[in-house]
Amino acid sequence: MTILKEFREFAVRGNALDLAVGVVIGGAFGTIVKSLVDDIIMPPIGILLGNVDFSNLFFVLKEGSKHVGPYASVAAAKEAGAITLNLGLFINAVISFTIIAFAIFALVKVINQLRREKPAEAPAPDSKACPYCCSQVPIAATRCPQCTSALD
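For the sequence shown, position 116 matches number 128 in the numbering used here, and the numbering has no gaps at all.
In structure tokens form, the structure reads like this:
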């Protein structure tokens, strides 16, 4: 029974719940970034580079046993049993990683700025120097207690 009690305390503790929410949101964010890269960013880049479809940019290292190439796509090559070097999928993954890393960097930067405490203002001075004898005198004093000079 104590193990169940300890587990319940762990599961409902704020850190575990925060981690669970972060993982779910991170997965959803990863899906959005993958769609951004595959559907928005890479098609124009492919057109600029001569109608290259990066998701199907691959090199056959070894022909398939079921069917000999050329293969129209990575999926067709895999179905034929070919061994491929999937350069386009790697490029998409690098771009996705870069976008996610930059988004996390920006988020951490904003959070760190919010966490920084503003420097406390220096307290108003409670004493001043006597212009005649240079001893410290309370701000409200009109006469120096050391040299009895009249102060402004």
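Backbone N, C-alpha and C define an ideal beta-carbon position, used for all residues, glycine too.
(1) Entirely within the stretch 29-87 and at least 3 residues each: give me those beta strand (DSSP E) ranges in chain order.
(2) Just to confirm, are Ala-89 and Val-64 a CB contact at a threshold of 8 angstroms?
(3) Are the stretch 106-124 and the stretch 133-146 touching, with three or more C-beta to C-beta distances below 8 angstroms?
(4) Under DSSP, the alpha helix (DSSP H) around Thr-110 begins and ends at which residues?
(5) Roughly how many whole angstroms lie between the Cα atoms of Gln-125 and Ile-44?
(6) With DSSP collapsed to three states, give me the class of Ala-94.
(7) So what does DSSP say about Arg-20, is it helix, strand or coil?
(8) Check whether the stretch 84-100 and the stretch 56-70 touch, using three or more Cβ-Cβ pairs below 8 angstroms as the test.
(9) Helix, strand or coil: which one does DSSP assign to Ala-141?
(10) Less than 8 angstroms separating the beta-carbons of Phe-22 and Ala-28?
Checking against the coordinates, here is how it stands:
(1) Note on the stretch 29-87: whole beta strand (DSSP E) runs with a minimum of 3 residues are 71-74, in chain order.
(2) Between Ala-89 and Val-64, the C-beta spacing is not below 8 angstroms.
(3) In short, these stretches do not touch, since the Cβ pair count stays below three.
(4) Segment 99-127, the alpha helix (DSSP H) holding Thr-110.
(5) 26 angstroms
(6) coil
(7) helix
(8) yes
(9) Here DSSP, grouped into helix, strand and coil, assigns Ala-141 to strand.
(10) yes
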